[in-house]
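Scroll down for the structure; my scribbles are underneath it.
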Amino acid sequence: MKPSTIKKKDKKLWAGRFSEATDPLVDIFTNSISFDYRLLPYDLMGSLAHLNMLARQRIIPGPEAKRIRSGLLEIQKEWNQGKLTFPLEDEDVHMFVEKRLRKKIGPIAGKLHTARSRNDQVALDLRLYLRDQIRDLKMELQSLQKTILETAKNQGHLVLPGYTHLQRAQPVILGHHLLAYLEMFSRDQERLSEVFRRVNSLPLGSAALAGTSFPIDRTQVAQALGFSQISPNSMDAVSDRDFVIEFLSAASILMMHYSRMSEELILWSGLEFDFVEISDAFCTGSSIMPQKKNPDVPELIRGKTGRVYGHLLGMLTTMKALPLTYNKDLQEDKEPVFDTVETLLNCTRLLSGLWSNIRFKAEVMEKAAETGYLLATDLADYLVKKGLDFRTAHQVVGTIVAYALERNLELRDLSLATLKTFHSVFKADVNTVLNLASAMSQRNSQGGTAPQQVKKAIREMEMRICSLQFDL
Ligand code: ARG
1 MKPSTIKKKD KKLWAGRFSE ATDPLVDIFT NSISFDYRLL PYDLMGSLAH LNMLARQRII
61 PGPEAKRIRS GLLEIQKEWN QGKLTFPLED EDVHMFVEKR LRKKIGPIAG KLHTARSRND
121 QVALDLRLYL RDQIRDLKME LQSLQKTILE TAKNQGHLVL PGYTHLQRAQ PVILGHHLLA
181 YLEMFSRDQE RLSEVFRRVN SLPLGSAALA GTSFPIDRTQ VAQALGFSQI SPNSMDAVSD
241 RDFVIEFLSA ASILMMHYSR MSEELILWSG LEFDFVEISD AFCTGSSIMP QKKNPDVPEL
301 IRGKTGRVYG HLLGMLTTMK ALPLTYNKDL QEDKEPVFDT VETLLNCTRL LSGLWSNIRF
361 KAEVMEKAAE TGYLLATDLA DYLVKKGLDF RTAHQVVGTI VAYALERNLE LRDLSLATLK
421 TFHSVFKADV NTVLNLASAM SQRNSQGGTA PQQVKKAIRE MEMRICSLQF DL
């Protein structure tokens, strides 16, 4: 079949050398429009900047550029009004825009693709998209940080057990526990800014892979689009997806933090711990057990962590044996990115809502901190302060714990006379050590749980959270 005999309707914009129409299965298999339509506003943004540069460099005449510009702006309007539908045969968002432009202004539309390829175009679109999403994500995360900080300020004084091996270990105050998560989120903010820095590099102007013979001005385009760098190597620029992998990696770490927090919320809301009540608005019921109130939101956040890790692993695997430069495999980068962005934004918003409506059960928490010999280390430290070496002190207190365990007593129930039978250095001042509040205030080392330290840490954290920058 000669090219001219392909039905006009089936003809692709690149089909000059083709004599047969694409197999319908191939259309379905190779299309990306069903998901990359999300890039449309960024594709237009990039095209407008490219167009202005082409006109300024006199690569295309001014009046023609004007017509192309008005066509692009019309498409932008249609997008904003939600008027567009995306037929599968249009292949991808770039072809869609070109075809639509051609419908509006005729063959002159073809001039827009001068000195450009879909290879540098798609890299540009994805970078523009990610820049926006990282900004949004950082802002949503900031509001979660603020919500948790509020809880730390208002209820930070409550005492609860700190755990190691999920066994009660030493008492801490809630503010200290919450600040641990806020530290993780501060690092997440930093990571996202780092990723942003590397996303923020202009690939356009690399053309298909080797640059172009037209006198383009990449600096102009970079300035118009707000890029702080220009990719130095055209071959790298069209085939590099490190920025995607870095984003997915920062996202995976953030999800891991959300998941750990969710796990604690799930544990704490169960009757075994019973430290918190998650509001009804963030739980669901059982279709058979009328008494149930399930922490579905934190469970699902924990669950969704798996899919974000999956996207990271998937992308690393997609990239691992790709020869330079562009390969169609790279089209597989979009769905993982879109899904990760959506998952992260949802999880962040949900956690903010959940934390604004959480209720802590102060008495249960304190009771838990008072049961299970959580002050044993304090007792050993007391002996060390009286002159024993730590190993001996540990041994002595170990025997005291065994003695108390056998009699179902707590350390504070033991009289001074009893304690003296274990070591003569015990004095009346041992009382102050076996008291929760004073034990807590003694852990006054830098970064410790003493209320004084925690208050200071909250103040510092507040400064850090409020000074986060989003005009990256
Ligand atoms: N839809 C393609 C992608 O997402 C756009 C780039 C196509 N380039 C090409 N040479 N076929 O990667």
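Just so it is clear: in the sequence shown, position 395 is 395 by the working numbering, and no numbers are missing. Cβ coordinates follow ideal geometry from the N, Cα and C atoms, glycine included. Remember, it's a predicted structure, so these values are computed and weren't measured experimentally.
Proximity of residue 465 and residue 175 at Cβ, strictly below 9 Å: Sequence index remark: in the sequence shown, residue 465 carries index 465 (1-based). Sequence index remark: in the sequence shown, residue 175 carries index 175 (1-based). No, the pair does not count as a contact, with Cβ atoms beyond the cut-off.
Segment contact, 8 Å Cβ cut-off, at least three pairs: the region 245 to 258 with the region 70 to 82: no
Cβ contact (3+ pairs, closer than 8 Å) linking the region 308 to 316 and the region 329 to 342: yes
Buried or exposed by the 16-neighbour rule on C-beta atoms within 10 Å, applied to residue 447: Along the sequence shown, one-based indexing puts residue 447 at 447. Exposed is the call here.
Closer than 8 Å: residue 145 CB and nearest the ligand ARG heavy atom: Numbered from its first residue, the sequence shown carries residue 145 at position 145. Outside the cutoff, so no.
Best match in 249, 323 and 287 for proximity to residue 306 [C-alpha to C-alpha]: Along the sequence shown, one-based indexing puts residue 306 at 306. Selected option, being the one with the closest Cα: 249.
Unbroken beta strand (DSSP E) run spanning residue 168, endpoints: The residue given as residue 168 occupies position 168 in the sequence shown. Where residue 168 is concerned, the enclosing beta strand (DSSP E) stretches over 167 to 173.
Buried or exposed (CB count within 10 angstroms, at least 16 for buried), residue 109: On the sequence shown, position 109 is the one that residue 109 refers to. When all chains shown are included, residue 109 counts as buried.
For residue 491, the nearest candidate out of 374, 397, 151 and 460 (CA to CA): The question about residue 491 has no answer here: the residues shown for the chain are numbered 1 through 472.
Whole-angstrom C-beta distance between residue 52 and residue 224, which should lie under 8 Å: As a working note, residue 224 is residue 224 in the sequence shown. As a working note, residue 52 is residue 52 in the sequence shown. At roughly 7 Å, the Cβ-Cβ gap stays under 8 Å, so residue 224 and residue 52 are in contact.
Selected residue, minimal CA-CA separation from residue 133, among 356, 388, 341 and 450: The count along the sequence shown starts at 1 and reaches residue 133 at position 133. Nearest C-alpha to residue 133: 341.
Terminal residues of the beta strand (DSSP E) in which residue 160 lies: In the sequence shown, residue 160 corresponds to position 160, counting from 1. Note, residue 160: beta strand (DSSP E), 159 to 164.
Residue 50 CB to nearest heavy atom of the ligand ARG below 8 Å: The residue given as residue 50 occupies position 50 in the sequence shown. No, the Cβ of residue 50 stays beyond 8 Å of every heavy atom of the ligand ARG.
Start and end residues, alpha helix (DSSP H) containing residue 411: In the sequence shown, the residue the question calls residue 411 occupies position 411. Taken as a continuous stretch (DSSP letters only), residue 411 belongs to no alpha helix (DSSP H), as it is neither H nor E.
Proximity below 9 Å, CB of residue 473 to CB of residue 345: With the chain covering only 1 through 472, there is no way to say anything about residue 473.
Top-ranked residue by Cα proximity to residue 196, from 114, 157 and 247: Position 196 of the sequence shown, counted from the start, is the residue given in the question as residue 196. Residue 196 has its Cα closest to that of 247, out of 114, 157 and 247.
Residues of its chain near residue 245, where Cβ-Cβ distance is below 8 Å and the 5 sequence neighbours each way are ignored: Taking the first residue of the sequence shown as 1, we reach residue 245 at position 245. Hits under 8 Å: 312, 315, 316 and 319.
Length of the line joining the Cα atoms of residue 102 and residue 199: Reading the sequence shown from its first residue, position 102 is the one you call residue 102. Reading the sequence shown from its first residue, position 199 is the one you call residue 199. Roughly 31 Å between the two C-alpha positions.
Per-residue burial, residue 56 [other beta carbons within 10 Å of its own, 16 or more giving buried]: Numbered from 1 along the sequence shown, position 56 holds the residue referred to as residue 56. It counts as exposed.
Residue 201 (DSSP reduced to helix, strand or coil): Numbered from 1 along the sequence shown, position 201 holds the residue referred to as residue 201. Residue 201 falls in the strand class under three-state DSSP.
Beta bridge counterpart(s) of residue 284 as assigned by DSSP: Mapped onto the sequence shown, residue 284 falls at position 284. Bridge partners of residue 284: 294.
Sub-9 Å separation of residue 439 and residue 378 beta-carbons: Position 439 of the sequence shown, counted from the first residue, corresponds to residue 439. Position 378 of the sequence shown, counted from the first residue, corresponds to residue 378. Closer than 9 Å, so yes.
Option nearest residue 261 by Cα separation, candidates 17, 400 and 185: Residue numbering aside, residue 261 sits at position 261 when the sequence shown is read from its first letter. Ranking the options by Cα distance to residue 261, first place goes to 185.
Local conformation of residue 227 per DSSP, three classes: Sequence index remark: in the sequence shown, residue 227 carries index 227 (1-based). It is coil, neither helix nor strand.
Spatial distance of residue 73 from residue 226 (CA atoms): Position 73 of the sequence shown holds residue 73. Position 226 of the sequence shown holds residue 226. Looking at the two C-alpha atoms, the distance is approximately 20 Å.
For residue 267 and residue 508, the rounded distance between their alpha carbons: This structure cannot speak to residue 508, because the chain is shown only from 1 to 472.
Residue 360 versus residue 271: straight-line alpha-carbon distance, rounded: Here the question's residue 360 lines up with position 360 in the sequence shown. Here the question's residue 271 lines up with position 271 in the sequence shown. If you take the alpha carbons of residue 360 and residue 271, they lie about 13 Å apart.
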